[in-house]
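Asks: I am attaching a structure below and will ask some questions about it afterwards.
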Amino acid sequence: MFDWYIQRWRRVLPEVVRGAGRALPVVFGYLPVGFAYGVLASQAGLTLLEAVLMSVFVYAGSAQLIAAGLIAAGANTATITATTFLVNLRHMLMSAALAPYLGHLSRPFLSWFAFEITDESFAVHTSVFAKDGVPGKVELLTINLVPQLAWIASSFFGAWTGTLLADTKALALDYALPAMFIALLMMQIVNRLQVVIAVLAASASVFFYLFLSSNWNVILATVIAATIGVFCERWMDKFSPSSF
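Quick note on the numbering used here: the sequence shown kicks off at 17 and runs consecutively.
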């Protein structure tokens with residue numbers, strides 16, 4: 017029996033190594049952001065266990081940071097739930113984009129896979145699917161699991177040290193998440209059209225944020241920019257495929 021496990025591990029080890037390597041940029045991005053969340057959660061009044069369990073069972077960076085802020089502001093449960101739900105609606109768009117590649121996988125596997133999908137792991141998966149096709153199950157899960165472990169560990173240390181910091185505003189910890197998104201965006205841009213679409217999406221998001229009293233700005237900006245991007249790519253392929 018022990019030999020069977022050894023042989024099994026040897027077979028899956030290459031997938032684990034590839035998945036971990038592909039997830040490494042996300043891990044480096046999660047360490048400061050997870051630490052920032054831990055500090056903010058601690059200062060919002062969450063215990064060390066509560067802060068870590070949120071990283072285990074919620075595992076949504078922006079939603080966790082928003083929840084920590086709402087808890088600190090004394091918001092009720094309904095407000096926190098509704099706000100984080102709206103923020104996480106973008107996962108519907110990400111799931112729809114990944115669905116054509118994963119239809120052959122079982123629902124139990126997809127449930128596990130979907131739970132650990134984040135903006136950053138989504139970016140990694142779409143890049144891998146486009147370049148190399150859909151990898152094996154072990155590699156798919158490794159790309160998701162390794163960043164979550166990093167997130168849990170960094171949020172633990174952040175919550176642990178949070179009580180030692182008197183003023184977190186001076187550290188600008190709330191900028192850690194946008195900074196990571198910018199870095200991931202730069203890794204994905206390969207032509208001028210994508211630069212234009214990225215600027216359009218950012219501008220639309222800011223516009224909707226200023227003029228809408230809700231958290232729909234990211235979703236609306238994503239849908240509008242992605243739709244324009246698709247039409248532009250089709251037009252370029254049809255009339256001038258090499259212009260950009």
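The C-beta atom is built at its ideal place from N, Cα and C for all residues, glycine as well.
Would you say the stretch 164–180 touches the stretch 47–64, given that touching needs at least three Cβ pairs under 8 angstroms?
Replies: yes
Asks: In the DSSP assignment, find the alpha helix (DSSP H) that holds residue 93 and state where it starts and stops.
Replies: For the purposes of this step, residue 93 is taken as residue 77 along the sequence shown, with counting starting at 1. Note, residue 93: alpha helix (DSSP H), 93–103.
Asks: Where does residue 74 fall in DSSP's three states?
Replies: For the purposes of this step, residue 74 is identified with residue 58 of the sequence shown, where counting begins at 1. Correct three-state label for residue 74: coil.
Asks: In this structure, how does DSSP classify residue 35 when only helix, strand and coil are distinguished?
Replies: Here residue 35 refers to the residue found at position 19 of the sequence shown. Reduced to three states, the DSSP call for residue 35 is helix.
Asks: Need the endpoints of the alpha helix (DSSP H) that residue 155 sits in, please.
Replies: Locating residue 155 in the sequence shown gives position 139, where the first residue counts as 1. Its alpha helix (DSSP H) spans residues 153–178.
Asks: Name the two residues that bound the continuous alpha helix (DSSP H) containing residue 117.
Replies: Locating residue 117 in the sequence shown gives position 101, where the first residue counts as 1. From DSSP, the alpha helix (DSSP H) with residue 117 extends over 106–118.
Asks: I need the DSSP call for residue 81, collapsed to helix, strand or coil.
Replies: Working through the sequence shown from its first residue, we reach residue 81 at position 65. Correct three-state label for residue 81: helix.
Asks: How many Å lie between residue 134 and residue 60 at the Cα?
Replies: Working through the sequence shown from its first residue, we reach residue 134 at position 118. Working through the sequence shown from its first residue, we reach residue 60 at position 44. Each residue's alpha carbon lies about 24 angstroms from the other.
Asks: Mind checking whether residue 237 and residue 214 have CB atoms under 7 angstroms apart?
Replies: The sequence position of residue 237 within the sequence shown is 221, counting from 1. The sequence position of residue 214 within the sequence shown is 198, counting from 1. No; because the gap between Cβ atoms is not below 7 angstroms, this pair is not in contact.
Asks: Taking the alpha helix (DSSP H) that residue 219 belongs to, which residues open and close that run?
Replies: As a working note, residue 219 is residue 203 in the sequence shown. Run containing residue 219: 208–227, per the alpha helix (DSSP H) assignment.
Asks: Which residues in the same chain as residue 117 place their Cβ atom closer than 6 angstroms to its Cβ, once the five residues preceding and following it in sequence are excluded?
Replies: Reading the sequence shown from its first residue, position 101 is the one you call residue 117. Hits under 6 angstroms: 145, 150.
Asks: Mind checking which residues open and close the alpha helix (DSSP H) that includes residue 122?
Replies: Counted from its first residue, the sequence shown places residue 122 at position 106. Run containing residue 122: none; DSSP gives neither H nor E here.
Asks: Quick check on residue 202: buried or exposed, where buried means 16 or more other Cβ atoms within 10 Å of its Cβ?
Replies: Within the sequence shown, the letter at position 186 stands for residue 202. The residue is exposed, with fewer than 16 neighbouring Cβ atoms inside 10 Å.
Asks: Less than 8 angstroms between the CB atoms is what I'm expecting for residue 96 and residue 62, so what's the real figure, rounded?
Replies: In the sequence shown, counting from the first residue as 1, residue 96 sits at position 80. In the sequence shown, counting from the first residue as 1, residue 62 sits at position 46. Actually they do not touch by this definition, with Cβ atoms about 12 angstroms apart.
Asks: Touch check for the stretch 68–86 and the stretch 101–118: three-plus C-beta pairs under 8 angstroms?
Replies: Per the Cβ contact rule, the stretch 68–86 is in contact with the stretch 101–118 (3 or more Cβ pairs under 8 angstroms).
Asks: For the alpha helix (DSSP H) that residue 144 lies in, which residues bound it at each end?
Replies: Position 128 of the sequence shown, counted from the first residue, corresponds to residue 144. Run containing residue 144: 135–148, per the alpha helix (DSSP H) assignment.
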